[in-house]
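S.K.: Numbering (my numbering) for the sequence shown: 5 to 570.
Could you have a look at this structure, given as structure tokens, before my questions?
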Amino acid sequence: MGATAMTVLRILFLLCAFSLFACASGSQAAAPRRATTPPGAPRIVLGELDARIILGDLPARAVRLGAGPLAMLSAGEQVEGERIGGFFEAPENACLLAYARGSTTIDDLDIVAFAEEGNPIAADQAPDAHPTIMVCPPHPERMYIAAHVANGEGLVGIAAHIVPVARAGEISRAFAARGSHGDGTRAAEAWPGLDDRLRAHRQAIGGTWEDFRRVAVRVDARAPANVAFPMEANQCIDVLVLPDEDVALVEVEALDDAGRVVARAHEGLKEPSFVLCSPIAFEGVLTLRPHVGTGLAAIVLGRTRGDGGREFAGRASAVWTASPLPLDAARAARNAELARGGYGAPSSVKNGQLVLGRRVTLPLDLPGGASGCARVDVVGGAPLALIDANIWDTNGVLLASGEGTGGAALFVCGRAKAQIELETRGRPGPFTVMVRPERWQHALFATKPLAATRMLARAATGENLMHEGFATSVKQVTLDPAKRTVYAVTAGAGQCLRVAVGIEGEGAGVELRLFDGGTSEELDRAAGEKGASARACASAATPRSLRVEIRGTAGKPDAIIGERLK
């Protein structure tokens, strides 16, 4: 076969192959498409996200350490800024461990426990995603626990366990829990310099005190610590807090058994303190929270009789608790008490409203004038609480000051005109200012009016500063740190003698002591920056001779000394 024939055969072969390919393609293109079935709707499944997954092994660890079984409070998908929460109940003699956890997409999560009235009990607001709190007695039986997503979004769950008090400390450390720990209190006897600092504090405020509790508690800027204390009727309690170097600017408040704030230490003190007095018994709670840091604070609680509540001076404030009454009822109760004490109707009455952060100043026309003394009563109506009152003369000299939960009473001598400045540090509300002539008048009061004002305040007793019994003597002396003023006096059978002193002029500080005239036994003592008051009694059958000793502590101030028998 020649070359030409071979070429022809190749061409024919390629033509046949091309024809076959074209036929096959055409037959496929002509084939009909198969019909497809559309997908069905998704099946709905009932259920909720299981937040136990994000808790990991925390519940099992808590149970192994002695906690009770897990209880899930609330769970759900949350975005940044949202909150979830609900109520937990815990036995009054046990602690509650509560924690919130979230998905890995949540970077910052907070948890807070509230009492039913909305007051925070414990909180962990650190910038992390594993907040945990431990709340130990005393605490409300029912608490609201809330979790807040500060950064991120995802699933959040809140869980809790009941924890025996004996196990709370170990579990708190294992979980890095914030709040009130079961073993967070310990004896404060070994606190460095405690006795010296307490001695200086008691000398500054005066009075005779019996210590009944000393503890050291752990305090944290992110959650308040609580310490319970009993208040008996007609009793005063001195509260002194000594923080360690790891914390600063500790806020200290006292709450009554209804959760109301009844006393608060002045802000900014390195060692916060106050004196709280009450005519009624209740179970109170101290709350402590530093502005900065985490550490320990020693707490010393002392007590004395309620009629000593006006012997205190210096840096501690004496505050009386009071039952909240509407203004009309509170004013009527004060007027009735003053009428029983021999006072007449007020010479002037002024009313107003106090709000937080604003001072109110009112002019006063004082009925005593330049030669006598006046009594000024400030009465608050519910819900007003924690009132500060100061009386100034027209030259800007402070004449008298006082404070109280529901009101205050002040005395002013030797002034016809003055002004009173009022402020609330607790809750806003209505008030009344009533001015009367003071019943106790003496010619010597006009010679040293500021000293007389301070003496009258120290001589008065009780919540509303009433003068008991009858006046027997008024003296004027000049005090000297290098010399004691000493004189004798007698209390009749069944009588009690109260000696009060107020000072003014170049000097500060006064010490007052009462001794038995026969045995030289010290019966009472008091000290203060501007005045002091002490009391001694005779038996029901025999009179008692007494020796009075008074000494100034700095400078040579002028003093007015007043005596009353009851």
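The beta-carbon is built from N, C-alpha and C at its ideal position, and this holds for glycine as well.
Apply the 10 Å Cβ neighbour rule to residue 399 and answer buried if 16 or more other Cβ atoms are within range, or exposed otherwise.
M.R.: Within the sequence shown, the letter at position 395 stands for residue 399. Exposed, by the Cβ-count rule.
S.K.: Could you say if the stretch 481 to 496 and the stretch 423 to 430 meet the contact criterion of at least three C-beta pairs nearer than 8 angstroms?
M.R.: no
S.K.: Nearest CA to the CA of residue 257: which residue from 390, 384, 382?
M.R.: Taking the first residue of the sequence shown as position 1, residue 257 is located at position 253. Comparing Cα positions, the closest option is 390.
S.K.: Have a look at residue 417 and residue 358 and give me their C-alpha separation to the nearest angstrom.
M.R.: Your numbering for residue 417 matches position 413 in the sequence shown. Your numbering for residue 358 matches position 354 in the sequence shown. Residue 417 and residue 358: Cα-Cα distance of roughly 26 angstroms.
S.K.: Which of the three DSSP states is assigned to residue 169 in this structure?
M.R.: The residue labelled residue 169 in the question sits at position 165 within the sequence shown. The answer is helix: DSSP assigns residue 169 an H, G or I state.
S.K.: Please go through the same chain and pick out, in chain order, the residues whose beta-carbon is closer than 6 angstroms to the beta-carbon of residue 299, but skip the five residues on each side of it.
M.R.: Here residue 299 is taken as the residue at index 295 of the sequence shown, counted from 1. So the qualifying residues of the chain are 248, 250, 251.
S.K.: Is the stretch 103 to 119 touching the stretch 143 to 152, taking contact as three or more C-beta pairs under 8 angstroms?
M.R.: yes
S.K.: Return the CA-CA distance between residue 62 and residue 260, expressed in angstroms with no decimal places.
M.R.: Start at 1 with the first residue of the sequence shown, and residue 62 comes out as number 58. Start at 1 with the first residue of the sequence shown, and residue 260 comes out as number 256. Taking the straight line from one Cα to the other gives about 36 angstroms.
S.K.: Under 8 angstroms between the Cβ atoms of residue 497 and residue 545?
M.R.: Along the sequence shown, read from residue 1 onward, the residue named residue 497 stands at position 493. Along the sequence shown, read from residue 1 onward, the residue named residue 545 stands at position 541. A contact, by the Cβ cut-off of 8 angstroms.
S.K.: Can you grab the Cα-Cα spacing for the pair residue 548 / residue 495, in whole Å?
M.R.: As a first step, residue 548 must be located in the sequence shown, where it is residue number 544. As a first step, residue 495 must be located in the sequence shown, where it is residue number 491. Computed Cα separation, rounded: 5 angstroms.
S.K.: Reducing DSSP to helix, strand and coil, say where residue 57 ends up.
M.R.: As a first step, residue 57 must be located in the sequence shown, where it is residue number 53. Reduced to three states, the DSSP call for residue 57 is helix.
S.K.: Please report the distance separating the alpha-carbon of residue 560 from that of residue 385.
M.R.: As a position in the sequence shown, residue 560 is number 556, starting the count at 1. As a position in the sequence shown, residue 385 is number 381, starting the count at 1. Distance between the alpha carbons of residue 560 and residue 385 is about 42 angstroms.
S.K.: Can you grab the Cα-Cα spacing for the pair residue 314 / residue 475, in whole Å?
M.R.: For this step, residue 314 is matched to residue 310 along the sequence shown. For this step, residue 475 is matched to residue 471 along the sequence shown. Any reading at residue 314 needs caution, since the residue's pLDDT is 47, under 50, leaving its predicted position unreliable; the model's value is listed next. Cα to Cα, residue 314 sits roughly 18 angstroms from residue 475.
S.K.: Decide if the stretch 129 to 142 is in contact with the stretch 66 to 74; the criterion is three or more beta carbon pairs, one per stretch, under 8 angstroms apart.
M.R.: no
S.K.: What residue from 517, 89, 201 has the CA that sits closest to residue 153's CA?
M.R.: Position 149 of the sequence shown, counting from 1, holds the residue named residue 153. Checking every option, the nearest Cα to that of residue 153 belongs to 89.
S.K.: Rank 108, 172, 242 by C-alpha distance to the C-alpha of residue 68 and give the top, closest one.
M.R.: Position 64 of the sequence shown, counted from the first residue, corresponds to residue 68. Selected option, being the one with the closest Cα: 172.
S.K.: Residue range of the beta strand (DSSP E) that residue 111 falls in?
M.R.: Working through the sequence shown from its first residue, we reach residue 111 at position 107. In the DSSP assignment, residue 111 falls within the unbroken beta strand (DSSP E) covering 110 to 118.
S.K.: Whole angstroms are fine: how far does the CA of residue 232 sit from the CA of residue 563?
M.R.: In the sequence shown, counting from the first residue as 1, residue 563 sits at position 559. In the sequence shown, counting from the first residue as 1, residue 232 sits at position 228. Approximately 41 angstroms between the Cα atoms of the pair.
S.K.: Is residue 284 helix, strand or coil by DSSP?
M.R.: Position 280 of the sequence shown holds residue 284. Coil, per DSSP.
S.K.: Could you check whether the stretch 328 to 336 touches the stretch 273 to 287, counting it as contact only if at least three pairs of C-beta atoms, one from each stretch, sit closer than 8 angstroms?
M.R.: no
S.K.: Going along the chain, which residues of its own chain have a beta-carbon closer than 6 angstroms to the beta-carbon of residue 555, five neighbours each way excluded?
M.R.: For the purposes of this step, residue 555 is taken as residue 551 along the sequence shown, with counting starting at 1. Once the five neighbours on either side are set aside, the close Cβ partners of residue 555 are 488, 515.
S.K.: In this structure, does DSSP put residue 568 in helix, strand or coil?
M.R.: Taking the first residue of the sequence shown as 1, we reach residue 568 at position 564. Strand, per DSSP.
S.K.: Whole-angstrom Cβ separation of residue 53 and residue 159, contact assumed at under 8 angstroms?
M.R.: By 1-based counting over the sequence shown, the position of residue 53 is 49. By 1-based counting over the sequence shown, the position of residue 159 is 155. Between residue 53 and residue 159 the beta-carbon gap is near 6 angstroms, inside 8 angstroms, which marks them as a contact.
S.K.: What do you reckon, are the CB atoms on residue 128 and residue 227 nearer than 8 angstroms?
M.R.: As a first step, residue 128 must be located in the sequence shown, where it is residue number 124. As a first step, residue 227 must be located in the sequence shown, where it is residue number 223. Yes, Cβ-Cβ distance for residue 128 and residue 227 is below 8 angstroms.
S.K.: Given a threshold of 16 other Cβ atoms within 10 Å of its Cβ, counted over all protein chains shown, does residue 307 qualify as buried or as exposed?
M.R.: Translated into the one-based positions of the sequence shown, residue 307 becomes position 303. Classification for residue 307: buried.
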